[in-house]
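Participant: Below is a structure I'd like to ask you about.
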Amino acid sequence: MADTHKPPQDFTIRMRRYDPESGEAPYWEDHTVELAPHRSVLEAILQARDRFDGSIAIRCSCRQAICGSCGVRVNGEPALACHTHLDAALQGAKDGVIEVEPMGNMPVIKDLIVDMDAVHWKKVQRVTPWLINKQPVPEREYLVSHDAMVDVTQSMACIQCGACVSDCLAMEVDPGFIGPAALAKAYRFVGDPRDDQQFERLNDLAQDPQGIFDCTHCFKCVEACPKDVNPMGQIMRLRRIATNDHHIVDQNNGERHEAAFTGLIKDNGLLWEAELLPRSYGGASWFGKFHPAAGKELLSSLPSIIRALIRGKVTPMGALKPHKIAKSDLQSVQSIYREIEGRPERYELNLYVSGEDEP
Amino acid sequence: MKVAYWPGCVSRGFTPELHGSMARIAPLLDLELVELDRACCSGAGVIAEHNQELADTLNARTFALAQQVQGAELMMNICSTCQGAQSECQERLDSSADYRAHVNGTLAGEGLTYEKGITNKNFLWLLVEEIGLEKLRSLVKRPLTNLKVGPFYGCYIVRPRPRLGIDSEHPRDHYLHQVIDALGGTVIEYAGMRKCCGFPIITMNKQASLKQAGRHLGDAVDAEADCLVTPCPLCHLNLDLQQPLAERVVGRELEMPVLHLPQLVGLALGLEPKELGMSRHVVRPTSVIDWSTAIVAATA
């Protein structure tokens with residue numbers, strides 16, 4: 015809890031200023047404001063605007079972390095300006111100066127305002143963000159189990175602030191990636207038992223080269239989200255349902271990679287890297303490596319492979335023969351596979367629904 | 305100190321120099337490694353993506369095997385991806401007695417049981433928290449003076465912070481900085497040091513994957529690092545093994561050597577680059593070898 019009894023003190027805010035219409039390059043500007051330490055970074059920015067420079071641009075509305083308007087980067091980390099106390103921001107500040115920048119991965123309109131329409135909202139539109147009713151529509155309400163409803167409330171908690179979009183590392187190199195916020199929104203409907211289009215939605219998102227298999231699993235969005243939406247966790251569930259429940263084989267090697275990896279551990283107990291890549295391209299059998307797609311991949315990787323062989327990093331035997339755990343242990347591992355994969359339904363503990371009974 | 309040691313798969317596959325260098329430095333650090341050779345792959349997040357219960361059960365088996373090692377104070381791994389994947393499974397296993405009982409039911413056939421609360425630390429964490437930076441400093445025989453080292457943390461060992469126990473008392477996302485400093489080296493900061501190496505999408509979007517690796521390597525080149533150091537063998541694969549391809553994607557020459565953490569520690573403890581397997585890297589660690597030759601010449 016923030017200490018609300020401390021007297022006002024000086025805080026220096028270093029803001030990144032930019033006006034594309036001016037023709038000038040972005041620049042940093044410092045302002046020192048006087049506020050109690052429990053007040054927010056947003057209040058500091060607004061005070062600087064009131065007292066020193068009326069042209070400072072920031073988007074804000076509710077000032078209580080629910081409208082999602084004031085997403086910025088504070089000391090390089092995504093945050094809601096209204097939800098970041100000045101004393102906490104000062105702790106993460108270099109040289110005692112709190113740095114505030116616009117969010118990343120989106121074009122800057124002015125100063126701290128980014129173009130959410132050009133990126134974030136377009137991506138949300140991409141995932142058909144509305145419920146498509148199962149038919150026939152019941153006369154009264156649909157009956158949905160409590161757990162199923164709590165499950166989708168996690169992604170419904172999203173306030174569309176764009177913090178996860180700002181820091182998505184996949185989007186940084188591939189701007190067309192649908193991204194964490196929109197895919198979390200996609201799960202909101204895929205996970206809803208009332209929706210009629212689960213397969214169609216998943217097939218669409220799996221076949222898109224910039225869909226669910228373009229996520230690089232970096233946990234940035236999980237950390238960035240101020241509302242515990244866990245976008246990456248939702249993306250992994252989209253993948254699980256697409257591959258496991260609907261057996262969707264996508265053109266991006268997502269399903270094949272997962273099957274190859276899981277299958278190799280079942281066969282050997284340990285990963286066999288030399289076999290993982292060709293199977294991910296050519297299919298989950300020993301013959302996968304003779305598939306044209308695997309051959310093409312092998313050719314394009316020759317510069318690395320040749321150097322690895324010359325340097326002795328990879329030996330021909332190491333590439334041709336897997337390393338395995340002992341036979342008795344492998345049998346135990348395979349028996350675990352048999353038991354779990356043989357269940358009529360996947361069993362999945364969702365801590366968001368169940369809570370921690372032993373924190 | 306005796307530890308139940310989980311080397312992972314890649315340190316025994318495509319990065320054998322990692323496992324080898326760990327074995328070389330362990331006695332110098334007074335570490336007794338009891339290898340968990342019966343355990344299977346952590347799943348690297350991919351098995352969990354396929355079937356969460358399967359990943360949780362396979363890792364519970366590994367934890368149970370580690371808990372059987374007599375006299376071991378904790379479990380240690382040398383792979384950030386294993387750390388991240390295992391921490392995620394452990395979070396679920398430790399949060400619910402019912403779930404743990406369910407998973408232990410599957411392990412019962414083999415007579416194994418996972419007891420809540422295993423301590424599983426990456427070598428980086430163990431180095432700082434168990435051995436201690438002061439002790440490490442005292443063991444240094446050849447300080448890394450004037451060697452400019454860029455830390456490459458990757459993702460799995462720094463995010464998400466609560467799950468990985470990162471807080472102001474345990475700034476684990478700064479430990480590479482602290483270790484480089486304790487070994488006498490110069491820390492070089494650069495934009496990509498806590499970003500994704502690109503490995504997880506190498507088969508799904510190769511261009512984006514190599515662009516990630518190439519950008520971080522390029523940032524490190526621009527910051528004038530002599531080499532990078534990483535606690536993750538999968539990051540090593542994308543940053544070292546794939547570097548020739550990454551160079552093509554970002555359109556620039558990189559030639560940035562990438563060391564495994566035990567190799568960097570071994571150098572400072574007086575071992576030679578070759579003993580630490582550096583001759584097996586795709587990118588020849590010339591800068592590091594030149595540095596060690598110069599240091600040896602100066603001492604002679």
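Protein chains in written order, with my numbering: chain C, 15 to 373; chain Y, 305 to 604.
Yeah, the Cβ is synthetic: ideal placement off N, Cα and C, and Gly gets one too.
#1: Determine the direct distance from the alpha carbon of Pro504 (chain Y) to that of Arg476 (chain Y), and round the result to whole angstroms.
#2: Does the pairing of the stretch 47 to 58 of chain C with the stretch 81 to 100 of chain C give three or more beta-carbon distances under 8 Å?
#3: According to DSSP, which residues form a beta bridge with Glu113 (chain C)?
#4: Taking Pro194 (chain C) as the reference, give the member of C:Arg215, C:Thr230, C:Asp161 with the closest Cα.
#5: Per DSSP, what kind of secondary structure is His481 (chain Y) in: helix, strand or coil?
#6: When Cβ atoms are compared, which residues of the stretch 392 to 416 of chain Y fall closer than 8 Å to chain C?
#7: Mind listing the chain Y neighbours of Arg365 (chain C)? Cutoff is C-beta to C-beta under 7 Å, in chain order.
#8: Along the alpha helix (DSSP H) that carries Thr385 (chain Y), what are the first and last residues, could you check?
#9: Given that Met250 (chain C) touches chain Y, what residues does it touch there, using C-beta distances under 9 Å?
#10: Could you please give me the residues that DSSP links to Thr534 (chain Y) through a beta bridge?
#11: What is the rounded straight-line gap between the Cα of Asp161 (chain C) and the Cα of Cys74 (chain C)?
#12: Could you spell out where the alpha helix (DSSP H) holding Tyr295 (chain C) opens and where it closes?
#13: Cβ of Pro548 (chain Y) less than 8 Å from any chain C Cβ?
#14: Compare the Cα-Cα distances from Cys377 (chain C) to each of C:Val47, C:Arg202, C:Glu269 and report the closest residue.
#15: Using the C-alpha atoms, what's the distance from Leu411 (chain Y) back to Glu493 (chain Y)?
#16: Sorted by chain position, which residues of the same chain lie with C-beta nearer than 7 Å to Ala58 (chain C)'s C-beta, five sequence neighbours on each side aside?
#17: Go through its chain and collect everything with a Cβ distance to Val263 (chain C)'s Cβ below 6 Å, but skip five positions before and after it.
#18: Under 8 Å: do the stretch 534 to 544 of chain Y and the stretch 375 to 385 of chain Y share three or more Cβ pairs, one atom per stretch?
#19: In three-state DSSP terms, what is Trp42 (chain C)?
#20: Determine the extent of the beta strand (DSSP E) in which Glu336 (chain Y) is found, giving its start and end residues.
#21: Could you tell me whether any Cβ in chain C is nearer than 8 Å to the Cβ of Phe367 (chain Y)?
#22: Starting from Arg87 (chain C), trace the beta strand (DSSP E) both ways and give me its first and last residue.
#23: The alpha helix (DSSP H) spanning Ala352 (chain Y) covers which residue range?
#24: Is the number of C-beta pairs between the stretch 395 to 406 of chain Y and the stretch 329 to 336 of chain Y that are closer than 8 Å three or more?
#25: Tell me the DSSP secondary structure of Leu323 (chain C) in three-state form.
#26: Do Met117 (chain C) and Ala132 (chain C) come within 8 Å of each other at the CB atom, strictly closer than that value?
#27: Let's see if you can read the secondary structure: which residues bound the alpha helix (DSSP H) around Tyr156 (chain C)?
#28: Among all the DSSP beta bridges, which residues are the ones paired with Tyr403 (chain Y)?
#29: Can you pull the chain Y residues whose beta carbon is under 8 Å from the beta carbon of Ile339 (chain C), in chain order?
#30: Does the distance from the C-beta atom of Val158 (chain C) to that of Arg208 (chain C) stay below 8 Å?
#31: Please list, in chain order, the residues of the stretch 174 to 189 of chain C that have any C-beta partner in chain Y closer than 9 Å.
#32: Kindly list, in the order they appear in chain Y, the residues whose Cβ is closer than 8 Å to that of Phe227 (chain C).
#33: What is the C-beta distance between Trp429 (chain Y) and Tyr460 (chain Y), in whole angstroms, given that I count them as a contact (C-beta under 8 Å)?
#34: Could you confirm whether any beta carbon from chain Y is found closer than 8 Å to the beta carbon of Cys232 (chain C)?
#35: Between the beta-carbon of Ala238 (chain C) and the beta-carbon of Ala177 (chain C), is there less than 8 Å?
#36: Under 8 Å between the Cβ atoms of Ala529 (chain Y) and Gly458 (chain Y)?
Facilitator: Looking at the atomic coordinates:
#1: In the second sequence, the residue the question calls residue 476 (chain Y) occupies position 172. In the second sequence, the residue the question calls residue 504 (chain Y) occupies position 200. One C-alpha to the other measures close to 22 Å.
#2: Under the 8 Å Cβ criterion, the stretch 47 to 58 of chain C counts as touching the stretch 81 to 100 of chain C, having at least three qualifying pairs.
#3: Translated into positions along the first sequence, residue 113 (chain C) becomes position 99. According to DSSP, which records beta bridges pairwise, Glu113 (chain C) is partnered with C:Arg28.
#4: Taking the first sequence and counting its residues from 1, the one referred to as residue 194 (chain C) is at position 180. The shortest Cα separation from Pro194 (chain C) among C:Arg215, C:Thr230, C:Asp161 belongs to C:Thr230.
#5: The residue given as residue 481 (chain Y) occupies position 177 in the second sequence. Residue state, collapsed to three classes: helix.
#6: Glu395, Arg396, Asp398, Ser399, Ser400, Ala401, Asp402, Tyr403, His406, Thr410, Leu411, Gly413, Glu414
#7: Along the first sequence, read from residue 1 onward, the residue named residue 365 (chain C) stands at position 351. The sequence shown places Leu at residue 365 (chain C), not Arg. Residues of chain Y passing the Cβ test: Arg396, Ser399.
#8: Counting from one through the second sequence, the residue named residue 385 (chain Y) turns up at place 81. Unbroken alpha helix (DSSP H) run through Thr385 (chain Y): 384 to 399.
#9: Position 236 of the first sequence, counted from the first residue, corresponds to residue 250 (chain C). Near Met250 (chain C) (Cβ distances below 9 Å), the residues of chain Y are Gly349, Ala352, Glu353, Gln356.
#10: Within the second sequence, numbered from 1, the residue matching residue 534 (chain Y) stands at position 230. Thr534 (chain Y) pairs with Y:His564.
#11: To locate residue 161 (chain C), count along the first sequence from 1; it is residue 147. To locate residue 74 (chain C), count along the first sequence from 1; it is residue 60. Straight-line Cα distance between these residues: approximately 35 Å.
#12: Indexing the first sequence from 1 puts residue 295 (chain C) at position 281. Taken as a continuous stretch (DSSP letters only), the alpha helix (DSSP H) holding Tyr295 (chain C) covers 287 to 296.
#13: Counted from its first residue, the second sequence places residue 548 (chain Y) at position 244. Yes, Pro548 (chain Y) lies at the interface with chain C (some Cβ there is under 8 Å from its Cβ).
#14: Past the edges of chain C, shown from 15 to 373, lies residue 377 (chain C), and the structure says nothing about it.
#15: As a position in the second sequence, residue 493 (chain Y) is number 189, starting the count at 1. As a position in the second sequence, residue 411 (chain Y) is number 107, starting the count at 1. Approximately 45 Å between the Cα atoms of the pair.
#16: For the purposes of this step, residue 58 (chain C) is identified with residue 44 of the first sequence, where counting begins at 1. The residues Phe25, Ile27, Val47, Leu49, Leu100, in chain order, have a CB closer than 7 Å to that of Ala58 (chain C) in the same chain once the five nearest residues on each side in sequence are set aside.
#17: Working through the first sequence from its first residue, we reach residue 263 (chain C) at position 249. Once the five neighbours on either side are set aside, the close Cβ partners of Val263 (chain C) are Glu269.
#18: With a cut-off of 8 Å, the stretch 375 to 385 of chain Y and the stretch 534 to 544 of chain Y count as touching, because enough Cβ pairs lie within range.
#19: Along the first sequence, one-based indexing puts residue 42 (chain C) at 28. In this structure, Trp42 (chain C) counts as strand in the three-state DSSP scheme.
#20: What you label residue 336 (chain Y) is simply residue 32 of the second sequence in a count that begins at 1. Where Glu336 (chain Y) is concerned, the enclosing beta strand (DSSP E) stretches over 336 to 339.
#21: Translated into positions along the second sequence, residue 367 (chain Y) becomes position 63. Cβ-Cβ to chain C under 8 Å: no for Phe367 (chain Y).
#22: Here residue 87 (chain C) refers to the residue found at position 73 when the first sequence is read from its first residue. 85 to 88 is the extent of the beta strand (DSSP E) around Arg87 (chain C).
#23: Here residue 352 (chain Y) corresponds to residue number 48 of the second sequence, with the count starting at 1. Its alpha helix (DSSP H) spans residues 350 to 354.
#24: no
#25: By one-based count along the first sequence, residue 323 (chain C) stands at place 309. Leu323 (chain C): helix per DSSP, three-state reduction.
#26: Sequence index remark: in the first sequence, residue 132 (chain C) carries index 118 (1-based). Sequence index remark: in the first sequence, residue 117 (chain C) carries index 103 (1-based). Cβ atoms of Ala132 (chain C) and Met117 (chain C): not closer than 8 Å.
#27: Counting from 1 along the first sequence, the entry for residue 156 (chain C) is found at position 142. Where Tyr156 (chain C) is concerned, there is no enclosing alpha helix (DSSP H), given that its DSSP letter is neither H nor E.
#28: Counted from its first residue, the second sequence places residue 403 (chain Y) at position 99. None, per the DSSP bridge assignment.
#29: Here the question's residue 339 (chain C) lines up with position 325 in the first sequence. Per Cβ cutoff of 8 Å: Asp341, Arg342, Ala343, Cys344.
#30: Residue mapping note: residue 158 (chain C) aligns to position 144 of the first sequence, counting from 1. Residue mapping note: residue 208 (chain C) aligns to position 194 of the first sequence, counting from 1. Yes, the Cβ-Cβ distance between Val158 (chain C) and Arg208 (chain C) is below 8 Å.
#31: Leu183, Ala184, Glu186, Val187, Asp188
#32: Here residue 227 (chain C) refers to the residue found at position 213 of the first sequence. Those within 8 Å of Phe227 (chain C) in chain Y are Ile505, Met508, Asn509.
#33: Your numbering for residue 429 (chain Y) matches position 125 in the second sequence. Your numbering for residue 460 (chain Y) matches position 156 in the second sequence. Not really, about 13 Å apart at Cβ, beyond 8 Å.
#34: As a working note, residue 232 (chain C) is residue 218 in the first sequence. So yes, Cys232 (chain C) belongs to the interface.
#35: On the first sequence, residue 238 (chain C) is found 224 positions in, with the first residue counted as 1. On the first sequence, residue 177 (chain C) is found 163 positions in, with the first residue counted as 1. Yes, the pair counts as a contact, with Cβ atoms nearer than the cut-off.
#36: By 1-based counting over the second sequence, the position of residue 529 (chain Y) is 225. By 1-based counting over the second sequence, the position of residue 458 (chain Y) is 154. Contact: no.
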